[in-house]
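Asker:
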Amino acid sequence: MEPGRVTIPYLLDGAFYGMAVHTWGDPGAPPVVCVHGLTRSGRDFDALAQGLSGDHFVLCPDLPGRGASDWLARGAQYQPLSYVQALSHLLAWVGRPVGWVGTSLGGICGMLLAAAARAPIARMVLNDIGPEVPAEALRRIQAYMVMEFSFPDLATLEQHLRVIHRPFGALSDAQWHHLALHSSRALPEGGVALHYDPAMAEPYRGAPMEALDLWAVWAAINRERLPILAVRGEESDILPPSVFDRMVADGATPLVVAGAGHAPALMDAESIAAIRGFLA
Numbered sequence: 098m099e100p101g102r103v104t105i106p107y108l109l110d111g112a113f114y115g116m117a118v119h120t121w122g123d124p125g126a127p128p129v130v131c132v133h134g135l136t137r138s139g140r141d142f143d144a145l146a147q148g149l150s151g152d153h154f155v156l157c158p159d160l161p162g163r164g165a166s167d168w169l170a171r172g173a174q175y176q177p178l179s180y181v182q183a184l185s186h187l188l189a190w191v192g193r194p195v196g197w198v199g200t201s202l203g204g205i206c207g208m209l210l211a212a213a214a215r216a217p218i219a220r221m222v223l224n225d226i227g228p229e230v231p232a233e234a235l236r237r238i239q240a241y242m243v244m245e246f247s248f249p250d251l252a253t254l255e256q257h258l259r260v261i262h263r264p265f266g267a268l269s270d271a272q273w274h275h276l277a278l279h280s281s282r283a284l285p286e287g288g289v290a291l292h293y294d295p296a297m298a299e300p301y302r303g304a305p306m307e308a309l310d311l312w313a314v315w316a317a318i319n320r321e322r323l324p325i326l327a328v329r330g331e332e333s334d335i336l337p338p339s340v341f342d343r344m345v346a347d348g349a350t351p352l353v354v355a356g357a358g359h360a361p362a363l364m365d366a367e368s369i370a371a372i373r374g375f376l377a
């Protein structure tokens with residue numbers, strides 16, 4: 098089954114861009130927005146979206162510069178607040194309260210939006226991300242962001258994904274192929290590259306990475322009105338046990354995915370069932 102697709106226009110720094118959104122299910126059903134991680138795309142959620150689409154209208158955007166969405170004019174624009182601005186246009190287009198599933202960067206965007214007054218997020222799943230990320234883990238991400246990759250064919254790109262995204266968990270050959278297929282773009286000179294704007298790496302070049310501290314944002318979220326499911330890959334370095342435990346102590350419902358690091362792919366039946374139950 099293939100999803101539908103709409104393009105949401107948004108205004109950023111004096112120019113309009115288009116953000117592609119992959120859709121599943123009945124548009125009249127309760128909406129759920131699923132937002133991917135840093136270098137990924139909305140098609141990462143195909144398995145989860147199909148699992149939720151019986152009861153929900155599922156919207157999976159490609160963040161600016163990824164997948165089928167427009168690339169931005171300057172690399173420096175690839176910042177969380179730009180993504181939040183684009184996503185706010187999507188929320189306005191939906192026009193009613195939504196569930197939110199955010200993996201890594203998608204969870205950061207979710208927290209920033211949920212901290213705003215009258216935010217239309219009713220329930221939120223944070224997949225392997227919390228209000229604090231250690232500097233060492235961010236430096237690991239920085240190291241592969243600044244590298245430029247091109248591949249002779251899709252099979253070689255898939256092998257690359259199997260290495261750098263091994264912490265996604267135990268995926269089948271078909272699942273790895275699916276991720277590779279939707280992670281690739283054809284190059285004019287032949288071969289393929291990862292399906293995002295290479296200028297996305299600009300904010301990561303040369304700047305020393307410091308720990309991310311969003312505890313003030315976390316404190317601004319009304320967690321009595323916004324139930325949160327905190328998902329952690331058992332071996333994650335992005336969401337350390339100390340941060341995860343503090344989130345749970347603050348009222349988040351815990352879910353630990355065995356055999357995964359950063360970030361669980363949410364393609365397994367157990368994770369899909371847990372998220373479906375939480376959003377119900």
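Positions in the sequence shown are counted from 1; adding 97 to them yields my numbering.
No residue lacks a Cβ here, since even glycine has one placed at the ideal position from N, Cα and C.
Which of the three DSSP states is assigned to arginine 343 in this structure?
Answerer: As a first step, residue 343 is located in the sequence shown; it is residue number 246 there, counting from the start. Helix.
Asker: How big is the Cα-Cα spacing for histidine 292 and arginine 137?
Answerer: The sequence position of residue 292 within the sequence shown is 195, counting from 1. The sequence position of residue 137 within the sequence shown is 40, counting from 1. Each residue's alpha carbon lies about 8 Å from the other.
Asker: Using only alpha-carbon positions, find the residue among Pro161, Ala355, Asp310 and Gln239 that is nearest to proline 300.
Answerer: The sequence position of residue 300 within the sequence shown is 203, counting from 1. Selected option, being the one with the closest Cα: Gln239.
Asker: Tell me, please, whether the stretch 180 to 200 touches the stretch 99 to 107 by the rule of three or more beta-carbon pairs shorter than 8 Å.
Answerer: yes
Asker: Report the partner residues of alanine 173 according to the DSSP bridge assignment.
Answerer: Walking along the sequence shown from the start, residue 173 turns up at place 76. None, per the DSSP bridge assignment.
Asker: Any idea what DSSP makes of isoleucine 318, helix, strand or coil?
Answerer: Counting from 1 along the sequence shown, the entry for residue 318 is found at position 221. Of the three classes helix, strand and coil, the one that applies to isoleucine 318 here is coil, per DSSP.
Asker: Under a Cβ-count criterion, where at least 16 other Cβ atoms within 10 Å of its own Cβ denotes burial, should glutamate 233 be classed as buried or exposed?
Answerer: Looking up residue 233 in the sequence shown gives position 136. Per the 10 Å Cβ criterion, exposed.
Asker: Note the first and the last residue of the continuous alpha helix (DSSP H) segment covering threonine 136.
Answerer: On the sequence shown, position 39 is the one that residue 136 refers to. Here threonine 136 belongs to no alpha helix (DSSP H), and DSSP marks it neither H nor E.
Asker: Between which two residues does the alpha helix (DSSP H) harbouring tryptophan 168 extend?
Answerer: Sequence index remark: in the sequence shown, residue 168 carries index 71 (1-based). For tryptophan 168, there is no enclosing alpha helix (DSSP H), as DSSP marks it with neither H nor E.
Asker: Closest to aspartate 167 by CA distance: which of Trp121, Glu367, Ala211 and Met116 is it?
Answerer: As a first step, residue 167 is located in the sequence shown; it is residue number 70 there, counting from the start. Checking every option, the nearest Cα to that of aspartate 167 belongs to Met116.
Asker: With 16 as the cutoff for other CB atoms within 10 Å, does phenylalanine 113 come out buried or exposed?
Answerer: Stepping through the sequence shown from its first residue, residue 113 is reached at position 16. With fewer than 16 other Cβ atoms within 10 Å, it is exposed.
Asker: Write down the C-beta distance between leucine 309 and leucine 278 rounded to the nearest angstrom, noting that I regard them as a contact closer than 8 Å.
Answerer: The sequence position of residue 309 within the sequence shown is 212, counting from 1. The sequence position of residue 278 within the sequence shown is 181, counting from 1. With a Cβ gap of about 31 Å, leucine 309 and leucine 278 do not count as contacting.
Asker: Tell me the DSSP secondary structure of glutamate 229 in three-state form.
Answerer: Residue mapping note: residue 229 aligns to position 132 of the sequence shown, counting from 1. When secondary structure is reduced to three states using DSSP, glutamate 229 falls in the strand class.
Asker: If I'm right that cysteine 131 touches alanine 146 with Cβ under 8 Å, what's the distance once you round it to whole angstroms?
Answerer: Here residue 131 refers to the residue found at position 34 when the sequence shown is read from its first residue. Here residue 146 refers to the residue found at position 49 when the sequence shown is read from its first residue. Indeed they touch by this definition, with Cβ atoms about 6 Å apart.
Asker: Measuring straight from C-alpha to C-alpha, what distance separates glycine 199 and isoleucine 325?
Answerer: Position 102 of the sequence shown, counted from the first residue, corresponds to residue 199. Position 228 of the sequence shown, counted from the first residue, corresponds to residue 325. Counting only the Cα atoms, isoleucine 325 lies some 11 Å from glycine 199.
Asker: Once you ignore the five residues that flank valine 181 on each side, which residues in its own chain have a CB closer than 7 Å to its CB?
Answerer: Translated into the one-based positions of the sequence shown, residue 181 becomes position 84. Closer than 7 Å at Cβ, skipping near neighbours: Cys206, Leu209 and Leu210.
Asker: May I ask you to list the residues that DSSP assigns as paired with arginine 263?
Answerer: Here residue 263 refers to the residue found at position 166 of the sequence shown. For arginine 263, which the question treats as bridged, DSSP gives no partner whatsoever.
Asker: Which residue's Cα is closest to the Cα of histidine 275: Ala212, Ala362, Met242 and Ala370?
Answerer: Translated into the one-based positions of the sequence shown, residue 275 becomes position 178. The candidate whose alpha carbon is nearest that of histidine 275 is Ala362.
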